[in-house]
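Q:
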Amino acid sequence: MERYAKISKKDFNRWLESLEDHGKLYGPKKKDGRHVFRPIKDVKELDLNYISTILPPKKYYFPQKERLLKFKIKPFKTAKAIRKFEEFVLFGVHTCDIAGIQCMDVVFRQEPLDANYINRKDRMTTVGIECLTPCDKYANCVSMGNHVPKGGYDIMLTDVGNKYIIHINSAKAESILRQRSYIKKCISADRYLLDAVRKKKEKIFKEEFIGRLTELYAVFSKLYDSEIWKDVGKRCVGCGNCTAVCPTCYCFDVLDEVSLNLNDGLRYRLWNSCQMDDFAKVAGGEDFRPGRSARQRHRYYRKFKYPIDKFSRYFCTGCGRCSRTCMAEINLTETVNSLIREHRNVSIGI
Amino acid sequence: MKKSKAKVAFFDFTDCEGCQLQIVNLNTVLLDILEHIEIVNFREAMSEPRDDYDIAVIEGSISTEHDIKRITGIRKQAKVVIALGACATIGGVNAIKNRTPLNISLMRVYKDKADKFKTIAVKPIDQVIKVDYYIHGCPVHPNEVAEVFKCLLLGKKYDVPNYPVCVECKMNENVCLYQKEQNCMGPVTRAGCNSWCVNNGNICYGCRGLIDNPANDAQNDILANYGLDVNEIIDKFTLYTAVEKKYVKEIKE
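Okay, structure coming up:
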C-alpha cells in the first residue's frame, strides 16, 4: 500500500463502523462541557473537534488501577491476573498525546520490560487526528514540536475539507484500511492540499515559550534553586491533578487486596504522584522531598531535565492539561517563561 | 474444631446513627463479614444485646462528662476499638458548636434551660481513648467498612489514605468542579471515599477531615479567588473539622 490514502467525509462513519472487527473502539466524547476518551458504541458519539480530554489516553495502556497478580494465601499460590488482553482501536488521538504514548513506550520498554504495559500496547491501534487550529491558551505544543505529526501512530488523519488524508504508518494501519473500496489512493492534488494545510498551520501556530528547547535545557540546569519554585510551591494546593492528567507521568504504587474469604487476593498497581505527601517518605518517616515547592520543581524537572539526560527526550508533550486542570492557576508556560527570563537576566548580570 | 468468632458490639455517642445504618446497607457484604464475626450488640439491627464483646465499633463524638466515663469503660473491655464515621474520627458536624464559647452555644440551643444541660466541648473519640482503626466519612463508605474489617480480621493495620479526594476524582475522570465555577474541598480533604459525592454531582464538603499536611493557605487563596469571603471560607474549613481550632485561627490571621 502507498504511504498516503484518503477517505471522503461521507464515508467516514462507514469506516468507523467497520473497525469493530479490529477490537473495541475508544475515542473522544463529550462530558459535561469537556471531553473524555470513552468506548464508542455509536459512531455518532465520537467528537473529533475537541480540546484535550480530562485524562490522556494513557488510561488504556496504563490504567488507573490495574491488576498485576492473583494469589491465594493457603495453600500459597500465584497466577496471572489477566489471562487475555483485548485488541482495541484508540481513535482520534491528538499529536500531543501521541508524543505522550512515545514517552511511555521509552519508559516501559526498558529492561525489565513491563509485561502489562506491553500486552496492552501491542494490542492497540492508534488513529491520530491532526489539529488544524491551536486549542486554547494552556497548550504549549508548538514549543515542544508536537503540533504536527511526528510518527508514533498507526494512522494519522488530516482534515482537508471534504475528506481526510490518511497517513499510513504501519502494517496494522494497512489491515484496518484494506478491502474497503471507499478508501482511495491519494493523487498529487491531495498531497498539494495536505501541504497547503501544513503551510497554513505554520502561520497560525505560534511558539508559546520565549526560548528554544536548547536554551531550556541550560535554564533547567542552572535554576534548581530559583525563587520561582518557592512561588509555585506557595500557590500549589497539592491536589495532584497535574500529575494525574499528564500523559507522561507513570508513577504507581503496588498494593495487595484480599477478598472477604480472607484467602484469595489480588495485587494491583495504582497511579501515584510525586505531589503526594507520602510519596518520598521512607521507613522511619524520613521524607526526601518535603514541601510543595520541591515537589512542583520535581515535576517540572521530570519533564524538562531528567528525561533529557536519561532518554534524550523531553517529557512535556505540550498538551496543556496540567495548566488547564490547576485550580491554583499554576501555568506551565508562565513558569517556563519566568525561568527563561530569570536565566537571561542572570547571564547578563542583572 | 470451628474457630470461635470475634464478638463485635456497636455503640453510639453524639451522632445521627447514619453510619451504623451504612453497616446495614452493606447487604450481602455484611453476610460475608458475618462469616468471621458475631455481632452481640447492635441497636439498629438486633434486639437482646449482650455485653461479651471483644471489638467495639464506636460511632459519634464525645460531648458530655458521662460520655467520657462510658467510653472509657468500653475501652477497658474491648481488645480493639474502631471509630466509625466523622463524628467519632474527627468530631464531625456537631463540633461546629466548638466554634463559639460553650455557654453561648448552650444558650443558643437550650435558651433559658441552658444550665440544665451539662455538655462539654465536642471531641473525637481519640481525644479520650486509644483508637485502633479509623473509618472516616459522613456517612462511612461501604467499601471502606469492608476493607477495615478485612484488615482487622487479618490482624493488619489499615492505611487511611493520606492524599486528597482530587486524586480519586481525577482517576474517575470527573469534570473538576472549579471548572464549573463551583468550589470544593477536594484538594485538602482526605481521600478514601472514591470521590463519592463528586461522582454523583455534588461537591466535596470535607467530611473525611483534612489530610495530614493540607495546603490550607493555597486552598484559602483558591476559595477567595472563586468569590468566597473569609467567613464562608471558615465555614468550608470547619463544617467537619471545627475541633481543630487552628484552621479557624489560621484563616482569620
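Chains as they are written, first to last, in the working numbering: chain A, 1 to 350; chain B, 351 to 603. The beta-carbon is built from N, C-alpha and C at its ideal position, and this holds for glycine as well.
State yes or no: is the beta carbon of A/C96 nearer than 7 Å to at least one beta carbon in chain B?
A: Working through the first sequence from its first residue, we reach residue 96 of chain A at position 96. No, A/C96 does not count as interfacial toward chain B.
Q: Rounded C-beta distance between A/R299 and A/C274? I'm assuming under 8 Å.
A: Walking along the first sequence from the start, residue 299 of chain A turns up at place 299. Walking along the first sequence from the start, residue 274 of chain A turns up at place 274. Sure, about 6 Å apart at Cβ, within 8 Å.
Q: Closer than 7 Å, Cβ to Cβ, to anything on chain A: give me those residues from the stretch 502-523 of chain B, in chain order.
A: L503, L504, N512, Y513, P514, C516, V517, K520, M521, E523
Q: Can a CB atom of chain A be found closer than 7 Å to the CB of B/Y555?
A: Residue 555 of chain B sits at position 205 when you count from the first residue of the second sequence. No, because no Cβ of chain A sits closer than 7 Å to the Cβ of B/Y555.
Q: Against chain B, does A/L332 count as a neighbour if the rule is that its beta carbon must be under 7 Å from one of theirs?
A: Residue numbering aside, residue 332 of chain A sits at position 332 when the first sequence is read from its first letter. No, A/L332 lies away from the interface with chain B (no Cβ there is under 7 Å from its Cβ).
Q: Starting from the Cα of B/I331, find the closest Cα among B/S411, B/N377, B/V374 and give me that residue.
A: Look at the range of chain B in this structure, 351 to 603, and you will see that residue 331 of chain B is not part of it.
Q: I want to verify the contact list: residues of chain B whose CB lies under 7 Å from the CB of A/W271, in sequence order.
A: Translated into positions along the first sequence, residue 271 of chain A becomes position 271. Neighbours of A/W271 on chain B, chain order: M521.
Q: In its own chain, which residues sit with a C-beta less than 8 Å from the C-beta of B/D365, not counting the 5 before and 5 after it?
A: Numbered from its first residue, the second sequence carries residue 365 of chain B at position 15. A distance below 8 Å between beta-carbons, with the five flanking residues on each side excluded, links B/D365 to the following residues of its chain, in chain order: E409, G410, S411, G435, C437, A438, G442, N444.
Q: How would you call A/S259, buried or exposed, if buried means at least 16 neighbouring beta carbons within 10 angstroms?
A: Within the first sequence, numbered from 1, the residue matching residue 259 of chain A stands at position 259. A/S259 comes out exposed.
Q: Relative to chain B, which residues along the stretch 232-243 of chain A have a C-beta separation below 8 Å, given in chain order?
A: Within the stretch 232-243 of chain A, the residues whose Cβ lies closer than 8 Å to some Cβ of chain B are K234, R235, C236, V237, G238, C239, G240, N241, listed in chain order.
Q: Once you ignore the five residues that flank B/E534 on each side, which residues in its own chain have a CB closer than 6 Å to its CB?
A: For the purposes of this step, residue 534 of chain B is taken as residue 184 along the second sequence, with counting starting at 1. Per the sequence shown, residue 534 of chain B should be read as Cys rather than Glu. Correct list, in chain order: L527, I553, C554.
Q: Using 8 Å as the Cβ pair cut-off and three pairs as the minimum, do the stretch 70-78 of chain A and the stretch 118-132 of chain A touch?
A: no
Q: Is B/E523 closer than 7 Å to A/I54 when the C-beta atoms are compared?
A: Counting from one through the first sequence, the residue named residue 54 of chain A turns up at place 54. Counting from one through the second sequence, the residue named residue 523 of chain B turns up at place 173. It is a contact, given that the beta carbons lie within the stated cut-off.
Q: Kindly list, in the order they appear in chain B, the residues whose Cβ is closer than 9 Å to that of A/L55.
A: Numbered from its first residue, the first sequence carries residue 55 of chain A at position 55. Result: K520, M521, E523.
Q: What are the uninterrupted segments assigned as beta strand (DSSP E) that are 3 or more residues long and contained completely in the stretch 33-67 of chain A, given in chain order?
A: 34-39
Q: How would you list, in chain order, the residues of chain B whose beta-carbon sits under 7 Å from the beta-carbon of A/T325?
A: Locating residue 325 of chain A in the first sequence gives position 325, counting from the first residue. Within chain B, C526 have C-beta atoms less than 7 Å from the C-beta of A/T325, given in sequence order.
Q: Out of B/F467, B/I405, B/Q532, B/N549, which has the shortest C-alpha to C-alpha gap to B/K586?
A: The residue you call residue 586 of chain B lines up with position 236 of the second sequence. Of B/F467, B/I405, B/Q532, B/N549, the residue nearest in Cα terms is B/Q532.
Q: Within 7 Å (strictly less), CB to CB, does A/K296 reach chain B?
A: Taking the first sequence and counting its residues from 1, one reaches residue 296 of chain A at position 296. Per the sequence presented here, residue 296 of chain A reads as Gln, with Lys not at that position. Output row for A/Q296: interface = no.
Q: Within the 7 Å Cβ cut-off, does A/Q64 reach chain B?
A: For the purposes of this step, residue 64 of chain A is taken as the residue at position 64 of the first sequence. Output row for A/Q64: interface = yes.
Q: With a threshold of 7 Å on Cβ separation, who are the neighbours of A/R34 within its own chain once the five nearest residues in sequence on each side are excluded?
A: Locating residue 34 of chain A in the first sequence gives position 34, counting from the first residue. Cβ neighbours of A/R34 beyond the five flanking positions: I54.
Q: For A/P290, which option in A/C141, A/M276, A/R302 has the closest C-alpha, if you only look at C-alpha atoms?
A: The sequence position of residue 290 of chain A within the first sequence is 290, counting from 1. The option with the nearest alpha carbon to A/P290 is A/M276.
Q: Thinking C-beta only, is B/G487 closer than 7 Å to B/C547?
A: In the second sequence, the residue the question calls residue 547 of chain B occupies position 197. In the second sequence, the residue the question calls residue 487 of chain B occupies position 137. Not closer than 7 Å, so no.
Q: Against chain B, with Cβ distances strictly below 7 Å, would A/V160 count as a contact?
A: In the first sequence, counting from the first residue as 1, residue 160 of chain A sits at position 160. Not an interface residue.
Q: Relative to the C-alpha of A/K41, which candidate in A/Y50, A/I51, A/Y26 has its C-alpha closest?
A: Taking the first sequence and counting its residues from 1, the one referred to as residue 41 of chain A is at position 41. Considering only alpha carbons, the answer is A/Y26.
Q: Look up B/Y460 in the DSSP assignment and say whether it is helix, strand or coil.
A: For this step, residue 460 of chain B is matched to residue 110 along the second sequence. Correct three-state label for B/Y460: helix.
Q: Run through DSSP, which three-state label would B/T414 get?
A: Translated into the one-based positions of the second sequence, residue 414 of chain B becomes position 64. In the structure shown, B/T414 sits in a strand (DSSP, three-state: E or B).
Q: Let me know the alpha helix (DSSP H) ranges lying completely inside the stretch 64-149 of chain A, each 4 residues or longer, listed in chain order.
A: Qualifying alpha helix (DSSP H) stretches, in chain order: 95-108, 115-122, 141-144.
Q: B/A359 CB to nearest chain A CB: under 7 Å?
A: If you number the second sequence from 1, residue 359 of chain B lands on position 9. Taking 7 Å as the threshold, the shortest C-beta distance from B/A359 to chain A does not fall below it.
Q: Classify B/P451: buried if its beta carbon has 16 or more other beta carbons within 10 angstroms, exposed otherwise.
A: The residue labelled residue 451 of chain B in the question sits at position 101 within the second sequence. Exposed, since its Cβ has fewer than 16 Cβ neighbours within 10 Å.
Q: Taking C-beta pairs closer than 7 Å, name the residues in chain B that A/K31 reaches, listed in chain order.
A: The count along the first sequence starts at 1 and reaches residue 31 of chain A at position 31. Neighbours of A/K31 on chain B, chain order: V525.
Q: Label B/G536 either buried or exposed according to how many other C-beta atoms from any shown protein chain fall within 10 Å of its C-beta, with 16 as the threshold for buried.
A: One-based indexing of the second sequence puts residue 536 of chain B at position 186. Classification of B/G536: buried, given that the 10 Å Cβ count is 16 or more.
Q: Alpha carbon to alpha carbon, how far is A/K65 from A/A173?
A: Within the first sequence, the letter at position 65 stands for residue 65 of chain A. Within the first sequence, the letter at position 173 stands for residue 173 of chain A. If you take the alpha carbons of A/K65 and A/A173, they lie about 29 Å apart.
Q: Would you mind telling me which residues of chain A sit closer than 8 Å to B/V536, beta carbon to beta carbon, in chain order?
A: Numbered from 1 along the second sequence, position 186 holds the residue referred to as residue 536 of chain B. With the sequence shown as reference, residue 536 of chain B is identified as Gly, and Val is not the correct amino acid for it. Residues of chain A passing the Cβ test: C239.
Q: Fully enclosed by the stretch 442-493 of chain B, which beta strand (DSSP E) runs are 3 residues long or longer?
A: Counting whole runs of 3 or more residues, the stretch 442-493 of chain B contains the beta strand (DSSP E) stretches 469-473, 483-485.
Q: Please list the partners that A/I25 has in chain B, where partner means a Cβ-to-Cβ separation under 7 Å.
A: Start at 1 with the first residue of the first sequence, and residue 25 of chain A comes out as number 25. Going by the sequence as given, residue 25 of chain A is Leu instead of Ile. Within chain B, no residue comes near A/L25; the closest Cβ sits about 18 Å away, beyond 7 Å.
Q: On the three-state DSSP scale, how would you describe B/M535?
A: Reading the second sequence from its first residue, position 185 is the one you call residue 535 of chain B. Coil, per DSSP.
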